[in-house]
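Residue numbers (UniProt numbering): 1 to 118.
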């Protein structure tokens with residue numbers, strides 16, 4: 001994509017704009033804006049997580065996976081990133097890989113299956 005109006009403004013303004021695109025289900029534009037934000041401030045978990053969600057919802061699953069793996073590598077107890085990584089892998093037909101991330105996400109959320117309590 002070439003430079004558009006939504007490339008301009010402060011990071012906070014672009015974050016808000018990305019949120020508006022996301023809420024309007026324009027995930028491709030949201031991902032574009034968020035991708036640029038993540039390049040600027042790679043340590044921001046919120047922007048990277050929303051970028052992964054935009055990729056997930058626009059079926060850019062390999063990109064979503066890459067962002068989510070970066071997040072769980074930096075913060076292994078980021079439960080939502082684990083959950084979404086599991087779902088992303090599942091959507092790619094990689095159920096065996098997805099299972100461990102989904103189990104960790106459940107444990108982080110305090111959800112345990114009955115078999116583990118016995």
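We put the CB at the ideal spot given by N, CA and C, even for glycine.
Q) Excluding the five sequence neighbours on either side, which residues of its own chain have a C-beta within less than 6 Å of the C-beta of residue 65, listed in chain order? A) If we look at residue 65 and ignore the five residues flanking it on each side, its Cβ neighbours are 88.
(Q) As a quick exercise: from 59, 57, 26 and 53, pick the residue whose alpha carbon is nearest that of residue 68. (A) Nearest option by C-alpha distance: 53.
Q: State the CB to CB distance for the pair residue 55 and residue 48, rounded to an integer number of angstroms; the pair is presumed to be in contact (CB under 8 Å).
A: Under the criterion of beta carbons closer than 8 Å, residue 55 and residue 48 do not qualify as touching, at roughly 11 Å.
Q. In terms of residue numbering, what span does the alpha helix (DSSP H) encompassing residue 8 cover?
A. Unbroken run through residue 8: none, as it is neither H nor E.
Q) Could you check where the alpha helix (DSSP H) with residue 94 kicks off and where it finishes? A) For residue 94, there is no enclosing alpha helix (DSSP H), since its DSSP letter is neither H nor E.
Q: Take every Cβ of the region 101-112, pair it with every Cβ of the region 71-84, and state whether three or more of those distances are shorter than 8 Å.
A: With the cut-off at 8 Å, the region 101-112 and the region 71-84 touch.
**Q.** Three-state secondary structure assigned by DSSP to residue 75
**A.** Here residue 75 sits in coil by DSSP.
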